[in-house]
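Undergrad: Sequential numbering of the sequence shown, starting at 48, is according to our numbering. From the three backbone atoms N, C-alpha and C, an ideal C-beta is built for every residue, glycine too. Quick one: structure below, then a few questions.
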Amino acid sequence: MTVSKTILLITHEETVASDYGYVAEYLTELGHTVLHHEVLKATPAYDGFLDANTDFPSLDGLDAVIMFGSFTHAYNPDTRPWVEREIEFIRSVRDRGTPYLGICFGAQLLAEVLGGRTVRNDRMEVGMISFDTTAGCPTAPGPWFSWHNDKVELPDDVEILAQNDYAPQVFKAGNSLGVQFHPEVTKELMDEWLRVGGDELTGTLDAAEFRRQWD
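In structure tokens, the structure reads:
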């Protein structure tokens, strides 16, 4: 019997599709209570970024926190002020001992909390990917959905559980886990990302091939 937990999901740039994909439905089916905090708002009529809401809920009563991806970059000077507030929130999650899962952007901010950093790579990693895993890795080696052009650089005391020739893909410190890929993606969410940010793929992978890989 699953013991019910209360889990906070933190998303960015939510549009017409739920930015947490499969995760909320899966957790609810397991009997958990899901709370949602949206940092940025984007709509079909307005895809620009509005003011960031970094007034996160209290950690009291939370059993875990999951932070999802973003179209911004951890090092972007235009968004860095609210990114730093998110980093401090993640730090407080770790200080409290609350389990944390960071996905893509959420993993990159975790890397900073752990003493690492996020840097721009010389190419995009997009489409379905696979990677090498260690015996302790909690994920399969792939295929997984990926869309990013950044990578984390981690200090030696962070355990890298999976990587490929592009970047570390899964890493762990205590009860905090970061994954660079997107395990949450649904077809609806993928189509929405293509609508909002598909121009970023020009010259790397066209939308038809992107969808073919998914299918």
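When DSSP labels each residue in this structure, what does D98 get in the three-state scheme?
TA: Here residue 98 is taken as the residue at index 51 of the sequence shown, counted from 1. DSSP places D98 in coil when its eight states are reduced to three.
Undergrad: With a threshold of 8 Å, are at least 3 pairs of Cβ atoms found where one atom belongs to the segment 218-225 and the other to the segment 128-147?
TA: Because the criterion of three Cβ pairs below 8 Å is met, the segment 218-225 and the segment 128-147 touch.
Undergrad: With a threshold of 7 Å between beta-carbons, can I54 be considered close to chain D, or not?
TA: Protein chains in the displayed structure number just one, and chain D is not present.
Undergrad: Using a Cβ-Cβ cut-off of 7 Å (strictly less than) and excluding sequence neighbours within five positions of T126, which residues of its own chain qualify?
TA: Here residue 126 is taken as the residue at index 79 of the sequence shown, counted from 1. So the qualifying residues of the chain are T119.
Undergrad: Over what stretch of residues does the beta strand (DSSP E) that includes A111 continue unbroken?
TA: Counting from one through the sequence shown, the residue named residue 111 turns up at place 64. Per DSSP, A111 belongs to the beta strand (DSSP E) from A111 to M114.
Undergrad: Would you check if the distance between the CB atom of M114 and the CB atom of G149 is smaller than 7 Å?
TA: Numbered from its first residue, the sequence shown carries residue 114 at position 67. Numbered from its first residue, the sequence shown carries residue 149 at position 102. A contact, by the Cβ cut-off of 7 Å.
Undergrad: One question on the structure: do P215 and V199 come within less than 7 Å of each other, judged by their Cβ atoms?
TA: Numbered from 1 along the sequence shown, position 168 holds the residue referred to as residue 215. Numbered from 1 along the sequence shown, position 152 holds the residue referred to as residue 199. Against a cut-off of 7 Å, the Cβ pair of V199 and P215 comes out as a contact.
Undergrad: Count the other CB atoms, across all protein chains shown, that sit within 10 Å of the CB of V160; report buried if there are 16 or more and exposed otherwise.
TA: Here residue 160 refers to the residue found at position 113 of the sequence shown. Flag for V160 reads buried.
Undergrad: Are the beta-carbon atoms of G163 and P202 separated by less than 7 Å?
TA: The residue given as residue 163 occupies position 116 in the sequence shown. The residue given as residue 202 occupies position 155 in the sequence shown. Contact: yes.
Undergrad: Count the other CB atoms, across all protein chains shown, that sit within 10 Å of the CB of G68; report buried if there are 16 or more and exposed otherwise.
TA: Locating residue 68 in the sequence shown gives position 21, where the first residue counts as 1. Flag for G68 reads buried.
Undergrad: Three-state secondary structure (DSSP) at R258?
TA: Within the sequence shown, the letter at position 211 stands for residue 258. In this structure, R258 counts as helix in the three-state DSSP scheme.
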